[in-house]
Structures are given as structure tokens and as C-alpha cells.
Amino acid sequence: MAHLQAAAAQTGRTSGNGLSLAYREWNPDAPGEPLVLLHGITGSSSDWATTALHIPDRRMIALDARGHGGSDWDPSEEYAGDQHFADLAMALESLAIDRCMLAGFSMGGGVAMMAAACLPDRVSSVVVIDSYPHPQMTPGSRRIAGWVSRYAEMPGWFDPAIARSFAAQLAAGQENRLDLWPMWEALECPALVVRGAHSDVLPSPLAEEMVARQARAQLLTMPGVAHGIPYLRPRELASAIVDFAGQARS
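Under the numbering used here, think of the first position of the sequence shown as 1068, with each following residue one higher.
Structural data, given as C-alpha cells:
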């Protein structure tokens, strides 16, 4: 049954910022605000299929980020967070999504923070899944960057330019990221931070700081899991999203 339901997702293409993005959509005729889903650095929209199984009554759209899945690769090799944000803004416009709930995992969580801060009329609430606004890599982020950098010439998952960029950054001893604290603190919509209890990508002190610095945020820690929440706890993640959506509406 799960396989059949997952296979029923519709696919399509929409406009990003100067390139074409692929997406998957579930429950296209469901009423109310859609849920827009953003994946992590090594993922694609397919990562959300199992979570989507457990949210049967809401329209959901999962985008493939530029350079990932079925989306175009950028000939200029521009894959910074601001480019992903620009793609999202264009995609929402192209898909005629006036207002939505956003959920982003890891890399997608950073993009979701930016969008929630910069597009307050379009984003009603945001779920940030094992992601953070701090301008330097955490131990888990360094580990993932090192892993990605070793796959620079392997075809399949994503544009190898992404891996080459990580390799160059690490070789230069640079661990800087976009500083998203100002955007996080500027959020005007409800926010849910979902952290894996064993995650070294979002360590507990940093998650607590996020909640301390954003009055509209709450923290949910999932026991028994590290960073890979959408893969390992899709049912629990779906339940958290549905419960939070209900709170945000009330």
C-alpha cells in the first residue's frame, strides 16, 4: 500500500531563478494552504515520499533543488543558499502559491528560514528540521561536507560542482556559512525546530539558542535518531508537522 501511495505522486516542472526545477506533488486537490518541502544537500524531492504517506489530507509540493534530482544544473555553478532562496521564491510565484507552510531539512531548513523571514506574506509557518542559522559549521556539518567532497566526480545524486565547492572550502580551512541569525530573529510566523536527539549537526545547545533567540519558535527533540529524521522517523515527523500546523492555525 505504501508503495502504491508513494508512486501516486504527480511530477512536474516549474520555474526557478533562471533555470527549471522538478517537483513532486501529493494530494493536489486538497483544500487549504499547501505544505512546501525542501530537502537536504544530498537529497531530492523523493526523500519526502514516506513522510507524505502520513499526511493524506494536505496538498504537498516537494522541490528538487538546483543541481539535484531532476532539476537543472546551474552552468555558472552557483549553489549558495541565496540562489536556492531565489529559486524557491520564483517557484512559489510560478506555481501560484500565494501562501504556504514551509518545511525544510538540513540545507532546506536554511532556505526555509530565509524564505520565512523575507517572504512573510507567503509563509504562514515554518518547520526547520535539524538545521541551524549559525555562520560556522557544526561538527556534523563538517562531517557531511567532507563526505560530499569525496564524491566530486561521481555522477547521479547531484551536480559534481557542489562536491568540488565543498572540497575547495575544506582544503582552504574555511568553515563559514551564511549567517542566518538576523533572519531567524526577524521571523514573524510560528516556527518549529525539530532536532534528532543524537544529532551533531544541530547540537542541543545550538537548538536551545535558536528557541531563546526567537520567541515564536518551539523545539521538538526526537529520541533515538540523529540527523536523518525524514528517512528514519517519517511517521513521527509527519505527526509533528500536522500537530504544529494545527497549533499555528489556532
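No residue lacks a Cβ here, since even glycine has one placed at the ideal position from N, Cα and C.
Where are the alpha helix (DSSP H) runs, 4 residues long or more, that stay fully inside the stretch 1137-1193, in chain order? The stretch 1137-1193 contains these whole alpha helix (DSSP H) runs: 1148-1161 and 1174-1185.
Kindly indicate which three-state DSSP category residue 1216 falls into: helix, strand or coil? Correct three-state label for residue 1216: helix.
For a test of the three-state rule: what should DSSP assign to residue 1205, helix, strand or coil? Residue 1205 carries a coil assignment under DSSP once its states are collapsed to helix, strand and coil.
Can you name, in chain order, every residue of its own chain whose Cβ lies under 8 Å from the Cβ of residue 1073, other than the five neighbours on each side? Below a pLDDT of 50, predicted positions are generally treated as unreliable, and residue 1073, at 44, falls in that range; no measurement from the model is reported.
Just confirm the distance between the C-beta atoms of residue 1084 and residue 1154, as a whole number of angstroms; I'd bet it's less than 8 Å. Correct: roughly 5 Å between the Cβ atoms.
How would you write the range of the beta strand (DSSP E) that residue 1128 sits in, first residue to last? First-last of the beta strand (DSSP E) with residue 1128: 1127-1130.
Under a Cβ-count criterion, where at least 16 other Cβ atoms within 10 Å of its own Cβ denotes burial, should residue 1151 be classed as buried or exposed? Buried.
Pair every Cβ in the stretch 1086-1098 with every Cβ in the stretch 1125-1145, then say whether three or more of these pairs are closer than 8 Å. They touch, by the three-pair rule.
For residue 1118, report the span of its beta strand (DSSP E) as first-last. The continuous stretches of beta strand (DSSP E) do not include residue 1118, which lies in the alpha helix (DSSP H) extending over residues 1116-1120.
For residue 1286, does the three-state DSSP call read helix, strand or coil? When secondary structure is reduced to three states using DSSP, residue 1286 falls in the strand class.
Boundaries (first-last residue) of the alpha helix (DSSP H) holding residue 1298: First-last of the alpha helix (DSSP H) with residue 1298: 1296-1299.
Under the three-state DSSP convention, the category residue 1022 falls into: Any question about residue 1022 goes unanswered here, given that the chain covers just 1068 to 1317.
Between the CA atoms of residue 1253 and residue 1137 - distance to the nearest angstrom: Across the structure, residue 1137 and residue 1253 are spaced so that their CA atoms are roughly 33 Å apart.
The alpha helix (DSSP H) enclosing residue 1278, as first and last residue numbers: If you look at residue 1278, you'll find it in the alpha helix (DSSP H) that goes 1271-1279.
Does the Cβ of residue 1078 have 16 or more other Cβ atoms within 10 Å, making it buried, or fewer, making it exposed? So residue 1078 counts as exposed.
Starting from residue 1089, trace the beta strand (DSSP E) in both directions and tell me its first and last residue. DSSP places residue 1089 in the uninterrupted beta strand (DSSP E) bounded by 1087-1093.
Would DSSP call residue 1259 helix, strand or coil? The three-state reading of DSSP puts residue 1259 in strand, counting E and B together.
Option in 1076, 1272, 1148 and 1082 with minimal Cα separation from residue 1250: Sorting 1076, 1272, 1148 and 1082 by C-alpha distance to the C-alpha of residue 1250 places 1148 at the top.
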